[in-house]
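Participant: Pasting a structure here, questions to come.
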Amino acid sequence: MSSTSPLKPGDHLYLIDGSGYIFRAYHALPPLTRKSDGLPVGAVQGFCNMLWKLLKETKAGEKPTHLAVIFDHSSKSFRNDIYPQYKAQRPEPPADLRPQFGLIRQATRAFNVACVEQANYEADDLIATYARQAVEAGATCRIVSSDKDLMQLIRPGVALYDTMKDREVGEPEVLEKFGVTPDKVVDIQALAGDSVDNVPGVPGIGVKTAAQLITEYGDLETLLARAPEIKQQKRRENLIEFAEQARISKKLVVLDDHVPVEHDVSGFAVDNPKASQLIGFTKALEFTSFTKKVAGELDADSTAIEPIPVEVKFWPPEGGEGVPLPPPRFAAKKAEPAAEAQAATADVPPSSADAALLAIPVTHADYETVTTLASLEAWCAAAYEKGYLALDTETDSLDSMRANLVGVSLATAPGRACYIPLQHKASGGGLFGGELVEGQVPLDQAIAVLKRVLEDPSILKIGQNLKYDIEVLKRHGIAVAPIDDTMLISYVLESGDVGHGMDELSLRHLNHKCIAFKDVAGSGKSMITFDRVPVADATRYAAEDADITLRLWLLLKPRLAAQGKLAVYETLERPLIAVLAAMEMEGILIDPELLRRLSNDLATACAGIETHVYELAGERFNIGSPKQLGDILFGRMGLPGGRKTATGAWSTDSDALEDLAGQGIELARRVLDWRQLSKLRSTYTDALPNYINPETKRVHTSYSLAATSTGRLASTDPNLQNIPVRTEEGRKIRSAFIAPEGSKLVSADYSQIELRVVAHVADIAQLKKAFAEGQDIHAMTASEMFNVPVEGMDPMVRRRAKAINFGIIYGISAFGLANQLGIGREEAGEYIRTYFKRFPGIRDYMEATKQEARDKGYVETIFGRRMHFPRIKSPNPSERAFLERAAINAPIQGAAADIIRRAMIRMPDALSEAGLSARMLLQVHDELIFECVDAEAETTMAVVKKIMVSAPDPVVKLSVPLQVDARAAQNWEAAH
DNA sequence: AAGTCTTCGTA
DNA sequence: GTACGAAGACTTC
């Protein structure tokens with residue numbers, strides 16, 4: 001421990017938030033630093049550097065006279081007595097972080113610095129208490145932390161220093177973050193709450209609204225007292241209803257500055273480190289260069305000092321998929337050559353030199369606007385030196401099949417980025433508008449230079465959502481390869497309730513807020529296309545995108561190997577980019593004339609129903625308005641049995657209307673009919689023709705690879721994964737998706753793939769046997785459950801079993817099953833009990849999955865795809881039950897998604913190797929749609945089936961056969 | 001103009 | 001009971 005001396009006027013007390021430091025260092029720094037045995041020590045090393053700098057390099061007059069590092073004693077504190085859910089759903093720290101908690105405490109002692117923690121109090125409370133003591137003693141205090149919860153302590157004599165951003169946090173920074181002065185910060189937090197710490201706050205109020213309210217009313221109590229004056233209805237009601245919750249929230253966020261501290265501040269007086277202790281410690285952790293630096297400064301002979309024993313807890317981590325190894329120098333050898341076409345040699349690992357540069361702040365100072373061919377060549381040369389290149393294209397449209405290339409940005413190192421404007425046009429109309437801006441490299445020349453590097457197999461191209469850029473560049477004759485995509489890397493690492501957009505990733509991982517697109521191009525009606533953005537603005541925006549993308553790659557790529565997820569990325573994600581790009585660019589043919597006729601028919605039918613509805617209702621109203629309809633049905637007509645929606649409005653969904661229709665209310669039946677027809681018209685027959693590309697005359701959807709939590713794809717603009725099929729009217733729309741003359745559409749779909757996955761992963765003998773023998777799976781289930789023969793089975797009995805089988809996949813509940821079958825909850829519960837009695841393995845599997853989600857915070861598919869459920873331990877019972885069902889469904893839906901991904905990745909090569917010209921056009925979760933010439937239809941179906949059926953091989957040997965049904969026809973409806 | 005709610009299409 | 005996206009109505013700024 002350090003020496004002893006009471007605080008006196010003029011003294012400087014430094015309080016370091018040790019727990020906060022380690023969390024932020026872990027998440028902000030690349031996990032590259034490990035001891036030779038694999039022990040992760042990056043945060044400890046960062047901590048030592050920071051502490052050393054504080055002790056040695058602080059300016060004269062700011063040197064601390066007293067210093068202590070404060071830690072959280074445990075995850076429980078007095079706040080849990082006020083509000084048990086406080087910080088209740090914090091996930092366990094990552095395995096490679098856990099051992100570093102103890103190491104940082106040992107580092108503190110090795111520095112001969114006070115190391116303080118106290119049961120029942122958080123570090124922040126101790127810091128608040130010591131800071132108050134300092135001010136009262138006439139000394140000043142400086143708190144070293146990046147925690148926003150400490151902003152409330154800022155006042156004359158108490159400063160806050162953010163180590164991660166390397167800057168002082170003063171009133172301006174607090175104003176920027178919370179919109180109020182430091183003394184009001186707690187009122188903001190009380191209103192806005194904090195989802196990370198589970199501070200509830202008031203619903204509907206975020207930081208922005210809270211700041212506005214506190215500025216207007218002065219403080220929380222005044223606001224709550226005068227809440228009835230507030231104009232906005234919802235806001236007023238919430239402030240009144242949740243007033244007590246706001247007060248509790250405030251108690252949670254206000255720090256206790258009168259902790260009966262066990263360590264007296266006089267014991268924090270600064271003393272010099274003992275060379276033997278400090279160097280002994282840094283040698284033990286193999287901090288070579290740090291040891292050298294310290295030895296030099298302390299004038300000690302480091303070779304003469306023995307490493308001291310260091311106590312390591314929680315390492316290696318127990319169980320799991322094994323010890324996360326240091327990131328390999330080169331990507332792991334691909335396990336499946338066929339699955340990953342990309343050469344491993346092109347997969348350059350992030351250099352540690354660049355990784356170190358990640359810490360430099362994102363400024364736009366060194367961004368360059370490339371205006372000459374020579375300078376473009378120089379940037380390409382830099383890419384050759386590095387072996388990798390981050391890039392981003394700027395265009396005038398979100399639709400990659402219509403977008404014109406406006407410019408390209410490149411980055412070769414953190415902070416080293418450029419923008420090459422290619423097709424910027426002068427702003428303004430008339431004579432001077434629309435002309436190409438001076439000083440741009442001619443498009444064809446720039447393309448020629450870029451083509452060399454973007455197609456070079458030795459240069460790895462890094463992008464964020466590269467599929468878009470690949471398509472735009474392909475249309476300019478460039479076939480970009482090999483590639484890495486930061487969006488997909490993030491998706492593999494963190495699929496769960498976080499997003500993977502670049503702005504979001506930048507904030508989360510780099511603590512940097514990107515320039516928003518609307519800041520350079522505006523929004524809404526006044527939005528300009530990117531080619532009209534001034535080149536200087538465009539450079540800052542575009543070069544930043546490439547810079548951030550490169551930094552994210554440097555940070556995130558090593559985590560794939562560290563978490564054992566490189567194979568998932570390389571076999572299920574990355575190779576799908578090119579496959580999807582080809583499908584999207586191919587597009588599908590639709591018959592706009594047929595859709596136009598359908599639209600007319602639907603319009604006529606709707607109009608007829610409308611007249612009738614107005615008669616029945618006795619007034620004209622907007623049938624499409626649930627609010628107006630509810631008022632008429634349950635208000636004016638006073639019909640019984642109305643339910644309310646979450647927001648208190650009358651529910652008029654199809655269940656509610658079916659109820660009324662069943663009671664003989666014709667109005668309800670008519671509205672249901674109207675809704676069906678009007679839906680088909682607005683969403684399909686009217687919308688689809690607008691998506692026909694004028695050049696290709698086909699419709700090109702866009703698939704999102706990182707939109708779902710389970711690994712499924714999502715289709716947008718237009719969504720071609722929800723084309724109607726269930727009703728006769730709807731199927732007419734499907735028949736408007738056609739093959740050209742002389743060609744056919746082939747549809748191939750997996751039969752019962754999710755139930756087959758269940759049979760395999762839960763290892764259910766009866767199910768496996770039934771699938772192996774090609775039995776009717778629902779009939780078999782019914783037979784097992786109700787002891788009736790399959791022969792001559794009552795269709796109703798089979799229907800119940802079928803509903804239960806689907807329920808299993810969805811994480812069954814009596815409530816849901818009762819709804820589905822239109823029976824009572826009791827009866828549904830009885831079915832479920834019967835089912836579990838006959839299939840106990842299913843119940844075991846479901847319980848085990850829930851437990852896994854609770855223990856680890858995630859679940860995995862049989863192919864290793866990981867899906868996170870950070871809120872699975874939510875204190876809210878209905879949220880928790882929902883997440884448990886989702887966690888049960890995820891490995892099943894996810895495995896099915898993995899299987900069809902594997903089939904899709906192998907499909908193009910398989911088709912061409914078979915000498916077929918068939919092209920894959922669409923994916924609808926368990927179905928693939930192809931277009932092929934008439935003569936090749938049969939062979940195409942055979943090849944497609946073979947690839948789809950064998951898709952799990954060789955990684956997973958399914959214990960159940962997969963079945964694929966395929967048909968060829970002139971249109972999708974007939975092929976399906 | 002932007003964001004939320006409700007409804008409904010798919011697997 | 002799972003997973004999505006789109007359209008129209010409605011609310012708020």
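Quick note: the first sequence uses my numbering, first residue 1, plus one each step. All C-beta atoms in this analysis are idealised placements derived from N, C-alpha and C, irrespective of residue type, glycine included. Model, not experiment: these values are computed from the prediction.
Out of 709, 635, 605, 458, which one is the CA nearest neighbour of residue 868?
Facilitator: Reading the first sequence from its first residue, position 868 is the one you call residue 868. Per the Cα distances, 709.
Participant: Does the separation of the CB atoms of residue 680 and residue 668 fall below 7 Å?
Facilitator: Here the question's residue 680 lines up with position 680 in the first sequence. Here the question's residue 668 lines up with position 668 in the first sequence. Contact flag unset, no.
Participant: Residue 594 by DSSP, collapsed to three states: which one?
Facilitator: Here residue 594 corresponds to residue number 594 of the first sequence, with the count starting at 1. Here residue 594 sits in helix by DSSP.
Participant: Where residue 749 and residue 641 are concerned, what is the direct C-alpha to C-alpha distance, given to the nearest angstrom?
Facilitator: Here residue 749 corresponds to residue number 749 of the first sequence, with the count starting at 1. Here residue 641 corresponds to residue number 641 of the first sequence, with the count starting at 1. Each residue's alpha carbon lies about 41 Å from the other.
Participant: Using alpha carbons as the reference points, say which of 427, 295, 305, 285 lies closest to residue 311.
Facilitator: Position 311 of the first sequence, counted from the start, is the residue given in the question as residue 311. Residue 311 has its Cα closest to that of 285, out of 427, 295, 305, 285.
Participant: Alpha carbon to alpha carbon, how far is residue 326 from residue 554?
Facilitator: As a first step, residue 326 must be located in the first sequence, where it is residue number 326. As a first step, residue 554 must be located in the first sequence, where it is residue number 554. Reliability of the predicted coordinates at residue 326 is poor, the pLDDT of 33 falling under 50, and no value is obtained from them.
Participant: CB-CB under 6 Å to residue 255, same chain, minus the five flanking residues each way: which ones, in chain order?
Facilitator: As a position in the first sequence, residue 255 is number 255, starting the count at 1. For residue 255, where only same-chain residues beyond five positions count, the Cβ hits under 6 Å are 124, 125, 128.
Participant: Counting pairs of Cβ atoms below 8 Å between the stretch 260-273 and the stretch 104-119, do you hit three or more?
Facilitator: The stretch 260-273 is in contact with the stretch 104-119.
Participant: Report yes if the CB atom of residue 533 is closer than 7 Å to the CB atom of residue 520, and no otherwise.
Facilitator: Residue mapping note: residue 533 aligns to position 533 of the first sequence, counting from 1. Residue mapping note: residue 520 aligns to position 520 of the first sequence, counting from 1. Cβ distance < 7 Å, so residue 533 and residue 520 count as in contact.
Participant: Kindly give me the distance between the Cβ atoms of residue 174 and residue 181, rounded to whole angstroms, as I take these residues to be in contact under 8 Å.
Facilitator: As a working note, residue 174 is residue 174 in the first sequence. As a working note, residue 181 is residue 181 in the first sequence. Confirmed, about 7 Å.
Participant: Quick check on this structure: which residue in 773, 36, 252 has the alpha carbon closest to the alpha carbon of residue 78?
Facilitator: Looking up residue 78 in the first sequence gives position 78. Comparing Cα positions, the closest option is 252.
Participant: Quick one: what's got a C-beta closer than 6 Å to residue 337's C-beta in the same chain, skipping five residues either side?
Facilitator: For the purposes of this step, residue 337 is identified with residue 337 of the first sequence, where counting begins at 1. Confidence is the limiting factor: at residue 337 the pLDDT is only 42, short of 50, which leaves the residue's position unreliable and the question unanswerable from this model.
Participant: Starting from residue 807, trace the alpha helix (DSSP H) both ways and give me its first and last residue.
Facilitator: One-based indexing of the first sequence puts residue 807 at position 807. Run containing residue 807: 795-809, per the alpha helix (DSSP H) assignment.
Participant: How far does the beta strand (DSSP E) with residue 919 in it reach, from first residue to last?
Facilitator: For the purposes of this step, residue 919 is taken as residue 919 along the first sequence, with counting starting at 1. It spans 919-923 - the beta strand (DSSP E) in which residue 919 sits, taken as one unbroken run.
Participant: Give the secondary structure of residue 737 by DSSP, where H, G and I count as helix, E and B as strand, and everything else as coil.
Facilitator: Taking the first residue of the first sequence as 1, we reach residue 737 at position 737. In the structure shown, residue 737 sits in a strand (DSSP, three-state: E or B).
Participant: Just how far apart, CA to CA, sit residue 18 and residue 70?
Facilitator: Along the first sequence, one-based indexing puts residue 18 at 18. Along the first sequence, one-based indexing puts residue 70 at 70. Looking at the two C-alpha atoms, the distance is approximately 5 Å.
Participant: State the DSSP-derived secondary structure class of residue 54, mapped to helix, strand or coil.
Facilitator: In the first sequence, the residue the question calls residue 54 occupies position 54. Residue 54 falls in the helix class under three-state DSSP.
Participant: Can you tell me whether residue 53 is buried or exposed? The criterion is at least 16 other CB atoms within 10 Å of its CB, across all chains shown.
Facilitator: Residue numbering aside, residue 53 sits at position 53 when the first sequence is read from its first letter. Exposed, because fewer than 16 other Cβ atoms sit within 10 Å of the Cβ of residue 53.
Participant: Just confirm the distance between the C-beta atoms of residue 760 and residue 959, as a whole number of angstroms; I'd bet it's less than 8 Å.
Facilitator: The residue you call residue 760 lines up with position 760 of the first sequence. The residue you call residue 959 lines up with position 959 of the first sequence. The Cβ separation is near 5 Å, so the contact holds.
Participant: If you count every other CB in all the chains shown that lies within 10 Å of the CB of residue 796, and 16 or more means buried, which is it?
Facilitator: Working through the first sequence from its first residue, we reach residue 796 at position 796. Exposed is the call here.
Participant: For residue 865 and residue 894, I'd like the C-alpha separation in whole angstroms.
Facilitator: Counting from 1 along the first sequence, the entry for residue 865 is found at position 865. Counting from 1 along the first sequence, the entry for residue 894 is found at position 894. Distance between the alpha carbons of residue 865 and residue 894: 8 Å.
Participant: Who does residue 12 pair with in a DSSP beta bridge?
Facilitator: By one-based count along the first sequence, residue 12 stands at place 12. 140, per the DSSP bridge assignment.
Participant: Taking only runs of the beta strand (DSSP E) that begin and end inside the stretch 353-414, which ones reach a length of at least 3 residues, in chain order?
Facilitator: Counting only runs of 3 or more, we get 388-395, 405-413.
Participant: Here's a check: name, in chain order, each residue in its chain whose Cβ is nearer than 8 Å to the Cβ of residue 455, leaving out the five neighbours to either side.
Facilitator: Position 455 of the first sequence, counted from the start, is the residue given in the question as residue 455. Correct list, in chain order: 478, 479, 480, 481.
Participant: Tell me the DSSP secondary structure of residue 420 in three-state form.
Facilitator: Start at 1 with the first residue of the first sequence, and residue 420 comes out as number 420. Looking at residue 420 - three-state DSSP - the assignment turns out to be strand.
Participant: Over what stretch of residues does the alpha helix (DSSP H) that includes residue 673 continue unbroken?
Facilitator: The residue you call residue 673 lines up with position 673 of the first sequence. That run of the alpha helix (DSSP H) goes 666-679.
Participant: Can you give me the C-alpha to C-alpha distance between residue 591 and residue 815, rounded to a whole angstrom?
Facilitator: For the purposes of this step, residue 591 is taken as the residue at position 591 of the first sequence. For the purposes of this step, residue 815 is taken as the residue at position 815 of the first sequence. Those two C-alpha atoms are separated by around 43 Å.
Participant: For residue 605, which residues of its own chain have a beta-carbon under 7 Å away from its beta-carbon, when the five flanking residues on both sides are left out?
Facilitator: As a position in the first sequence, residue 605 is number 605, starting the count at 1. So the list reads 677, once near-sequence residues are dropped.
Participant: For the alpha helix (DSSP H) holding residue 586, just list the boundary residues, first then last.
Facilitator: As a first step, residue 586 must be located in the first sequence, where it is residue number 586. Residue 586 -> alpha helix (DSSP H) spans 574-586.
Participant: Excluding five sequence neighbours on each side, which residues of the same chain lie with their C-beta closer than 8 Å to the C-beta of residue 76?
Facilitator: For this step, residue 76 is matched to residue 76 along the first sequence. Cβ neighbours of residue 76 beyond the five flanking positions: 120.
Participant: Under 7 Å between the Cβ atoms of residue 706 and residue 714?
Facilitator: Numbered from its first residue, the first sequence carries residue 706 at position 706. Numbered from its first residue, the first sequence carries residue 714 at position 714. The answer is no: Cβ separation not under 7 Å.
Participant: CA-CA distance, residue 319 and residue 850?
Facilitator: The residue you call residue 319 lines up with position 319 of the first sequence. The residue you call residue 850 lines up with position 850 of the first sequence. No answer about residue 319 holds up, because its pLDDT of 46 lies below 50 and its placement is not dependable.
Participant: Ordered along the chain, which non-local residues of its own chain (more than five positions away) have a Cβ less than 7 Å from that of residue 675?
Facilitator: Within the first sequence, the letter at position 675 stands for residue 675. Here the set comprises nothing.
Participant: Do residue 206 and residue 225 count as a contact pair if the criterion is CB distance below 7 Å?
Facilitator: Indexing the first sequence from 1 puts residue 225 at position 225. Indexing the first sequence from 1 puts residue 206 at position 206. Not in contact: residue 225 and residue 206 (Cβ atoms no closer than 7 Å).
Participant: On a CA-only basis, which of 696, 313, 844, 739 is nearest residue 763? Give me that one, please.
Facilitator: Locating residue 763 in the first sequence gives position 763, where the first residue counts as 1. Per the Cα distances, 844.
Participant: Taking the alpha helix (DSSP H) that residue 748 falls in, what are its first and last residues?
Facilitator: Indexing the first sequence from 1 puts residue 748 at position 748. Here residue 748 belongs to no alpha helix (DSSP H); instead the beta strand (DSSP E) covers 743-750.
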